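Engineer: Protein sequence lines, in the order shown, are assigned to chains A and B. Our numbering puts the first residue of the first sequence at 9, with every later residue one more than the last. Our numbering puts the first residue of the second sequence at 929, with every later residue one more than the last. Built from N, CA and C at the ideal position, the CB exists for glycine as well. In this text, all values refer to a predicted model and were calculated from it rather than measured experimentally. First the structure, then my questions, so here it is.
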Amino acid sequence: MSDAAINQYKADLRSMEFTLYEHLKVQEVFTEDYFSHLSREECDQIIEQTARFADEYIGPLNGPADRAGCTIVDGQVITPEGFKAAWSKLYELGVPNFAVPLEHGGFQGPSSVGSVLHELLSGANCSFNMYPSLTLGAMDLVATFCKGKVRETFLEPMMDGRFGGTMCLSESQAGSDVGSATTKAVKIEDNRYKISGTKCWISAGDHDLGENIVHLVLARVEGAPAGTKGISLFVVPKYRVNDDGSVGESNDVQTVSIEHKLGIKASSTAVLAFGENDNCEGFLVGGEENSGMKQMFQMMNSARIIVGIQGLAAASSAYLNALAYARDRKQGSSVKAFKDPNAPRVAIIEHSDVRRMLMEMKARVEGMRSLVVKLSKHQDLSLALAEKDPDTANYHKGQVDLLTPIVKAYCSDQGFRVCELAVQVYGGAGYVQDNPVEQYLRDSKIFSIYEGTNHIQALDLVVRKLRGRKGQDLVDFTSNMTEFIQTNANDPGIGAEVRALGAAAQGLQEAGASIMEYMMSGKLDQLTLCATPFLEAMSEITVGHLLLEAALIAEECRTQNDDQSQEDFDFYAGRVMSAKFFANFILPTVHAKVAAIKSADRSALDIPDRGFSTAW
Amino acid sequence: MKILVAIKRVPDAETTIKVNPEGTGIVNAGVKWVVNPFCEIAIEEALKIKETKGDVEVVLVTVGRSESQEQLRTGLAMGADRAILVTAENLDTTGVSRVLAKIVEKESPDVVFLGKQAIDDDSNEVGQMLAQRLGWAQACYISEFNMADDAKSAQVVREIDGGMRTDKVMLPAIITADLRLNEPRYASLPGIMKARKKPLEEIDGASLGVDLEPKIIIKSMAPPPARAAGRLVESVDELINALKNEAKVL
């Protein structure tokens, strides 16, 4: 296999356009003052330029960078060839700062459009996009919480790509359990602290793309309370920064090693040692100690949405590649000619089972994208209306909170599964490196693990989010869906499918009642056992709702617009079909999950450990 | 110094083109429109001169329907300073060159850049006609452009049949860009944001007092015949026979 740089990334800009403007009507946000400096026209140009960057710069690097990986030379991580040039170009274009508020020096674009930009970048090269994404997350914290000299020193270089950024949470004994972090901070004076400790699993932890790296490190100040209440956040640069803004001497941050991973191999995942020589300085973020978890959550919420988008992005390109392959690859004859050994060979897209797989992938990709854009539009409106109409803003904020674990867990799980289906469509050709889908499959496994495993998301949903704003968020969510079901249950085109959604939603309510009962009666082991199936069921229903809503709009466009191209006509027909398929082939699985949740079966809990297997 | 760049709105090379049932033109619905790629190269060259010489105003002009604003905005987002849209429909190359000659008279630029041809009609005429109407020098199909320090002339490399030719051209002149002249830049986010506020003047083509009547009449338009499927032949003789008598290539 040659490593010639060929772009294998495929994006469906038409589908993105439909979701943004025809289905979810993102253009509405431009009428709000907060976004009035922009219009659809500029956003379309930005999408177009980003798509071009994805195809020309980072798409072609995806395969070669996977095979080259990152290397470590004299304690410095070297990224694959081409990453540096792509990094400079990306920051020259300014894409990473699209949704950053104007007051921080960004473009204040709507996140709904921003989500499409993320999809394009991550889909073209997930590993590469880790570096700017982590930088953005770290930069956002500096912008929000840091003042004075720290802000002046670090904010601008992080926005223009001179400095990268990371988030350093995990330690070897503190992964999902962040509160047990032991990295130490000892006050020197004012906001300056001496930092010591070792962090692991640090994405983009070291690289050679910028001049410096700004680590945001969770650490415990001496004498702080135990657990998450005693965690503080610090800005810890790799190199100290001189008064004139130039990069100075080492800040005693060492890259101990980088991981050898299943996927996203061109993203360095580092073990970092801070203060091995007692010479590592950090600056407290915000004015108060022990506020680290709260601050970090701001970053974690947006990071979780981005992980959901990563799942969508890999799935979308995997689907489009599998589709192209299925149209091209000839094998077997049509089932209709099964008696004729001399029947002509047909493209595999003619085979029912390949169509089933493609349809599932299509429905899931479209569903994930509308889920992501839906959440993002809520986010845009919660920002835009914050001052003018706080009640409505709170409604939107509540929906963001409720949908965040769903976007993170559902898109990451389904992203991986769509990639798996793509490999299946290719057959043996999908298992080898000549085609991009085996890499998508490997790359996408991490999404359900990092930024809070998907079980953490499920717990967040059932324990916290279902009760958000005293349950009002869930009430709002449910009443939106009920209204849709009641209005469209007798639609001549998709009425049956809407009723199927209604039945599934009814099942979910029953499952919700069981979950509540487990919680109230203190059956916490049963509750946590059912959290994941509950999140899955709720996700499928949310997605089913969005797909059917989109199908109604597509049907209207298809039948009422005489002046449309054949391509558009087929596109709309396809949207109706994938929604129907989802309602008939996938929504029924909700009932199985509901039954499992309601069964209160304890076998997984009561089985003796040795009962799993007597082999040790 | 002022540089005028004339650009054209054309269907994207990857869009599917269909001829309308009347056979008079193409179906516009569902077509993605872009700046003609050769015109993008022309814009890039003007911007590069602006960057090296300083104090240069880059003015874009196009002739077409009001939707062509989008393509002018793209050029402004790349870095041009202002734009002129002359609204007119169904012009041929004679009409377009007459309109452009008027705009050149009005703007008096030091040099005019165009793409060597547009990828929709492939006429390759507007630049040459414009030079003739103005009585200016022309250097077409250039792959290198070096302006003299005094800005009174430029050395250009032209792509001609079978090779390259280096010419000196006195300015003002009409220059048409070939593919290898440069690689057009991306429009950056700050560029796209700024483009919104840059001046875009709209002029009614009919108000210019030039003959807009097409001299070239499209009698009919038809897609090329679809390629027939290949077939397997049984023997070398049959192949030779087919090549001789059907394909008539032997």
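1) If I'm right that residue 1042 of chain B touches residue 1054 of chain B with Cβ under 8 Å, what's the distance once you round it to whole angstroms?
2) According to a CB-to-CB cut-off of less than 8 Å, which residues of the region 1099–1117 of chain B neighbour chain A?
3) Is the region 423–432 of chain A close to the region 399–407 of chain A, with three or more CB pairs under 8 Å?
4) Given a threshold of 16 other Cβ atoms within 10 Å of its Cβ, counted over all protein chains shown, does residue 268 of chain A qualify as buried or as exposed?
5) Which chain B residues sit within Cβ distance under 8 Å of residue 346 of chain A?
6) So who's on the other strand from residue 1082 of chain B, going by DSSP bridges?
7) Are the CB atoms of residue 1136 of chain B and residue 1039 of chain B nearer to each other than 7 Å?
8) Give the interface partners of residue 1001 of chain B over in chain A, defined as CB-CB distance under 9 Å, in chain order.
9) Consult DSSP for residue 472 of chain A and reduce its assignment to one of helix, strand or coil.
10) Assuming residue 261 of chain A and residue 282 of chain A form a contact by the criterion Cβ under 8 Å, report the distance between their Cβ atoms to the nearest whole angstrom.
11) Just verifying my parser: in three-state terms, what is the DSSP assignment at residue 538 of chain A?
12) For residue 973 of chain B, which residues from the same chain have a beta carbon less than 7 Å from its beta carbon, with the 5 sequence-adjacent residues on both sides left out?
13) Rounded to the nearest angstrom, what separates residue 148 of chain A and residue 1023 of chain B at their Cα positions?
14) Say whether the region 333–343 of chain A touches the region 285–299 of chain A, bearing in mind that this needs 3 or more beta-carbon pairs closer than 8 Å, one atom from each stretch.
15) Below 8 Å, can you find three or more Cβ-Cβ pairs linking the region 1135–1149 of chain B to the region 1023–1032 of chain B?
16) Looking at the strands, I want to know which residues DSSP matches up with residue 220 of chain A.
17) Going by DSSP, what residues sit across from residue 1132 of chain B in a beta bridge?
18) In terms of DSSP beta bridges, what is residue 1065 of chain B paired with?
19) Residues in the same chain with beta-carbon distance under 7 Å from residue 256 of chain A, minus the five sequence neighbours each way, listed in chain order, please.
20) Going by DSSP, what residue range makes up the alpha helix (DSSP H) through residue 95 of chain A?
21) Using a Cβ-Cβ distance under 7 Å, would residue 1120 of chain B count as near chain A?
22) Is there a Cβ from chain B that is less than 7 Å from the Cβ of residue 23 of chain A?
23) Could you say if the region 545–565 of chain A and the region 584–600 of chain A meet the contact criterion of at least three C-beta pairs nearer than 8 Å?
24) I'd like to confirm something about residue 78 of chain A: is its beta-carbon nearer than 6 Å to some heavy atom of the ligand MN, or not?
25) Hey, which unbroken runs of the alpha helix (DSSP H) at 4 residues or more fall wholly within the region 494–566 of chain A?
26) Counting C-beta neighbours from all protein chains within 10 Å, is the total for residue 212 of chain A 16 or more, i.e. buried, or is it exposed?
27) Could you tell me the alpha carbon to alpha carbon distance between residue 489 of chain A and residue 30 of chain A, rounded to whole angstroms?
28) Is the beta carbon of residue 177 of chain A sitting closer than 7 Å to the one on residue 226 of chain A?
29) Answer yes or no: do residue 85 of chain A and residue 275 of chain A have a C-beta to C-beta separation smaller than 7 Å?
30) DSSP on residue 262 of chain A, reduced to helix/strand/coil?
31) To which residues does DSSP link residue 930 of chain B through a beta bridge?
32) My guess is that residue 465 of chain A and residue 319 of chain A are in contact by the Cβ rule of under 8 Å, so how many angstroms apart are they, rounded?
33) Could you check the C-alpha separation between residue 908 of chain B and residue 943 of chain B for me, to the nearest Å?
34) Would a check of beta-carbon distances place residue 40 of chain A closer than 7 Å to chain B?
35) Just list the beta strand (DSSP E) runs in the region 330–396 of chain A, keeping only unbroken ones of 3 residues or longer that don't cross its boundaries, in chain order.
36) Closer than 8 Å by beta-carbon distance: list the chain A residues that pair up with residue 955 of chain B, in chain order.
Structural biologist: Quick look at the numbers:
1) 6 Å
2) 1114, 1115, 1116, 1117
3) no
4) exposed
5) Under the 8 Å cutoff, chain B gives no residues; its nearest Cβ is about 24 Å from residue 346 of chain A.
6) B/1075, B/1097
7) no
8) 49, 50, 53
9) helix
10) 6 Å
11) helix
12) 1041, 1073, 1105, 1109, 1110
13) 54 Å
14) no
15) yes
16) A/171
17) B/1015
18) B/1101
19) 247, 248, 249, 250
20) 91–101
21) yes
22) no
23) yes
24) No copy of the ligand MN appears in this structure; indeed no ligand is present at all.
25) 503–528
26) buried
27) 19 Å
28) yes
29) no
30) strand
31) B/985
32) That belief does not hold up - the Cβ atoms of residue 465 of chain A and residue 319 of chain A are roughly 12 Å apart, past 8 Å.
33) Within the shown structure, residues of chain B are numbered from 929 to 1178, placing residue 908 of chain B beyond reach of any answer.
34) no
35) 338–341, 353–355
36) 573
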